[in-house]
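Working notes, beginning with the structure itself.
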Amino acid sequence: MNLYKTMLAALFVSGLTITLSACEEQGPLEEAGEEIDDSIEDAGDAIEDKTDG
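Just so you know, we're using this note's numbering here: the sequence shown kicks off at 36 and counts up by one.
And the structure:
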């Protein structure tokens, strides 16, 4: 049973390490998505500014 827990912990840690290292770099689609999000947020802010005044 102790070997099972050790193997399970090692598998979990290695999976977590791979997942976190894969998330470090952004691809072109993620960058494009962020640019779209920023543009939509800026447009929403501009509309809000126009309607507040």
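Don't be surprised by glycine CBs; every beta carbon is placed ideally from N, CA and C.
- Rounded to whole angstroms, the gap between the alpha carbons of I82 and E76 is 10 angstroms.
- Note that the C-beta distance between Q61 and E70 is not below 9 angstroms.
- Distance from the CA atom of L51 to the CA atom of D87, rounded to whole angstroms, is 47 angstroms.
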